[in-house]
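A short write-up of the structure that comes next.
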Amino acid sequence: MTTTNFFAVDLGATSGRTILGSIVNGKLEQREITRFANNIIQTGGHFFWDIYALYNEIIKGLKVVSEEKIKIDSIGIDTWGVDFVFIGSDGGILRNPYCYRDPHTDHAMEDYFNLIPKEMVYDKTGIQFMQFNSLFQLCALRKNRDSALAAANKILFVPDALSYMLTGEAVCEYTILSTSQMLDPRTKKIDLQLISVLGLEENNFGRYVNPGDLVGTLTPEVQKMTGLGPIPVVAVAGHDTGSAVAAVPAADEKFAYLSCGTWSLLGIETKDAIINEKSYEYNFTNEGGIEGTTRFLKNICGMWLLERCRQEWTDAPADVNQINRESMSAPAFQSFIFPDAPEFANPTSMVDAIQDYCRRTGQKVPQTYKEIARCIFESLAMRYRQVLGYLNGLSPFPIDKLHVIGGGTKNTYLMQMAANATGIEVITGPTEGTAIGNIMLQAKAAGLVNDMFEMRKIIADSIELMKYQPQDSPLWDEAYQRYLSVTSLK
Numbered sequence: 251m252t253t254t255n256f257f258a259v260d261l262g263a264t265s266g267r268t269i270l271g272s273i274v275n276g277k278l279e280q281r282e283i284t285r286f287a288n289n290i291i292q293t294g295g296h297f298f299w300d301i302y303a304l305y306n307e308i309i310k311g312l313k314v315v316s317e318e319k320i321k322i323d324s325i326g327i328d329t330w331g332v333d334f335v336f337i338g339s340d341g342g343i344l345r346n347p348y349c350y351r352d353p354h355t356d357h358a359m360e361d362y363f364n365l366i367p368k369e370m371v372y373d374k375t376g377i378q379f380m381q382f383n384s385l386f387q388l389c390a391l392r393k394n395r396d397s398a399l400a401a402a403n404k405i406l407f408v409p410d411a412l413s414y415m416l417t418g419e420a421v422c423e424y425t426i427l428s429t430s431q432m433l434d435p436r437t438k439k440i441d442l443q444l445i446s447v448l449g450l451e452e453n454n455f456g457r458y459v460n461p462g463d464l465v466g467t468l469t470p471e472v473q474k475m476t477g478l479g480p481i482p483v484v485a486v487a488g489h490d491t492g493s494a495v496a497a498v499p500a501a502d503e504k505f506a507y508l509s510c511g512t513w514s515l516l517g518i519e520t521k522d523a524i525i526n527e528k529s530y531e532y533n534f535t536n537e538g539g540i541e542g543t544t545r546f547l548k549n550i551c552g553m554w555l556l557e558r559c560r561q562e563w564t565d566a567p568a569d570v571n572q573i574n575r576e577s578m579s580a581p582a583f584q585s586f587i588f589p590d591a592p593e594f595a596n597p598t599s600m601v602d603a604i605q606d607y608c609r610r611t612g613q614k615v616p617q618t619y620k621e622i623a624r625c626i627f628e629s630l631a632m633r634y635r636q637v638l639g640y641l642n643g644l645s646p647f648p649i650d651k652l653h654v655i656g657g658g659t660k661n662t663y664l665m666q667m668a669a670n671a672t673g674i675e676v677i678t679g680p681t682e683g684t685a686i687g688n689i690m691l692q693a694k695a696a697g698l699v700n701d702m703f704e705m706r707k708i709i710a711d712s713i714e715l716m717k718y719q720p721q722d723s724p725l726w727d728e729a730y731q732r733y734l735s736v737t738s739l740k
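The opening residue of the sequence shown carries number 251 in this note's numbering; numbering runs sequentially from there.
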């Protein structure tokens with residue numbers, strides 16, 4: 251029996267991996283091929299991604315499967331959202347792309363709203379306002395007379411740029427485009443008014459593709475480098491959260507999902523975009539999902555808080571699981587932060603930023619790594635409860651469970667806190683949800699599965715799920731009121 255193998259490239263904001271996946275006897279099998287760091291480069295007063303290094307890591311992974319004489323049937327790429335690469339009229343990359351954490355977008359939203367009012371932008375896109383959204387990045391670049399933008403023939407989002415480097419085909423995949431604040435979710439295309447005020451046209455972007463569409467095949471150059479043939483590159487959900495949500499092993503629609511990693515993305519899956527006064531007030535986003543669905547969600551700062559603190563701690567264990575465990579020895583509910591406060595976006599010192607916040611709001615200032623870690627976890631759990639409360643008021647269906655996917659599921663203490671804070675059952679798994687969704691979308695494109703419900707059943711049958719029930723509800727209810735009081739002072 252011939253096995254169909256799919257090569258998934260899954261790139262996050264701190265690391266990347268290539269994974270080989272296949273479906274055997276109705277179950278998903280996967281094997282990690284390579285894993286590597288994704289480093290932010292700081293130079294000339296700016297922060298960049300190294301697109302060439304990421305491309306080289308993809309080539310390395312493809313060489314491994316070639317050397318092992320493994321036949322792969324397609325390749326799919328997913329990455330974080332909003333960032334993009336400029337391509338010149340000669341087809342060459344003009345420079346490494348800016349990282350969304352670069353400060354050049356400070357005040358960019360206000361600059362753009364001088365061109366088109368804020369309310370109109372939200373009504374057109376239904377996207378959460380964040381200063382690093384692609385629309386505002388482009389506005390900042392235009393204001394700063396960026397030479398790469400001035401010379402650009404095509405603007406390709408990061409997964410599409412990597413596909414371009416592999417195939418020579420310039421595309422604009424629906425789910426990654428939906429992160430940009432340029433997509434009209436009703437038409438599924440770029441809103442021309444939003445980009446025209448920046449001097450851009452629709453043909454500055456690649457041809458539209460949806461998850462499951464063919465991008466192209468490996469160029470002769472890549473075939474020669476890797477030893478592979480003209481392997482198809484398939485559009486998956488290019489936004490990693492889109493691929494991750496595709497992997498949620500839910501039996502029906504009455505669930506909320508939490509993609510828990512560097513970012514926490516909490517939302518629901520709906521048939522249509524939800525754009526109204528309340529969604530605008532709460533700053534929710536409508537991003538593209540698979541099979542024409544909408545991911546109605548809110549971006550929440552996630553394990554970025556802990557990752558940055560770990561870089562500073564000299565007395566903490568190297569093993570993050572040990573930090574998680576030891577944090578439980580610190581007293582509960584001593585201090586809270588608002589995870590989405592601007593000072594936590596990219597501070598010089600995350601430890602100082604957390605301590606300053608607690609000091610400014612009249613709380614006990616956490617000192618040890620155990621106290622700071624516990625403060626982070628409890629604050630995230632409370633923020634999940636807060637956002638879930640907003641969701642319950644906006645959702646067209648009752649939410650009776652929270653599915654959590656991503657690397658954060660390994661922190662069983664945070665998962666129990668999430669159940670305690672929200673008061674509903676929390677179901678965790680898969681850990682590598684993004685890569686699994688990537689693989690399953692390639693399998694769907696190959697005709698091995700029919701729809702997302704069949705995909706999700708295969709995933710549920712292939713992994714071990716963990717379930718957490720709410721505990722100590724009165725204590726968490728009381729602590730939540732303190733969280734609301736403290737964070738209102740932000």
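Glycine included, each C-beta is placed from N, C-alpha and C at the ideal position.
Item: Rounded straight-line distance, which links the Cα of Asn574 to that of Lys660; Value: 10 Å
Item: Own chain, CB closer than 7 Å to Gln719, minus 5 neighbours either side, in chain order; Value: Ala669, Glu675
Item: DSSP bridge partner residues for Ala287 (one or two, in chain order); Value: Ser265
Item: DSSP three-state assignment for Asp434, whether helix, strand or coil; Value: strand
Item: Range of the contiguous alpha helix (DSSP H) that encloses Arg732; Value: 723-737
Item: Length of the line joining the Cα atoms of Arg281 and Asn394; Value: 45 Å
Item: His653 beta carbon less than 8 Å from that of Phe534; Value: no
Item: Closest residue to Asn346 among Thr375, Ala487, Gly539, Val335 (Cα-Cα distance); Value: Val335
Item: Exposure of Lys614, with buried meaning 16 or more beta-carbon neighbours within 10 Å; Value: exposed
Item: From Ala263, Cys349, Ile322, residue whose alpha carbon lies closest to that of Gly295; Value: Cys349
Item: 8 Å Cβ cutoff met for Phe546 and Thr737; Value: no
Item: Gly539 versus Ala496: straight-line alpha-carbon distance, rounded; Value: 8 Å
Item: Contact under 8 Å by Cβ, Ser742 with Glu541; Value: Residue coverage of the chain in this structure runs from 251 to 740, which leaves residue 742 outside it and unanswerable.
Item: Sheet register partners of Thr564 (DSSP bridge); Value: Beta-bridge pairing links Thr564 to no other residue.
Item: Local conformation of Trp330 per DSSP, three classes; Value: coil
Item: Alpha-carbon to alpha-carbon, Ile550 and Thr476; Value: 39 Å
Item: Opening and closing residue of the alpha helix (DSSP H) in which Cys510 lies; Value: Segment 506-510 is the beta strand (DSSP E) holding Cys510; no alpha helix (DSSP H) there.
Item: Span of the beta strand (DSSP E) around Leu742; Value: Summary: the structure shown does not reach residue 742, with the chain confined to residues 251 through 740, and so no result is reported for it.
Item: Residue closest to Gly656, alpha-carbon to alpha-carbon, out of Ala631, Gly687, Thr672; Value: Gly687
Item: Cys349 (DSSP reduced to helix, strand or coil); Value: coil
Item: Cβ shell of Leu448 (< 7 Å), same chain only, five flanking positions each side left out; Value: Leu388, Cys389, Arg392
Item: Thr535: first and last residue of the uninterrupted beta strand (DSSP E) it sits in; Value: 535-538
Item: Limits of the alpha helix (DSSP H) - the one that Lys528 falls within; Value: 527-531
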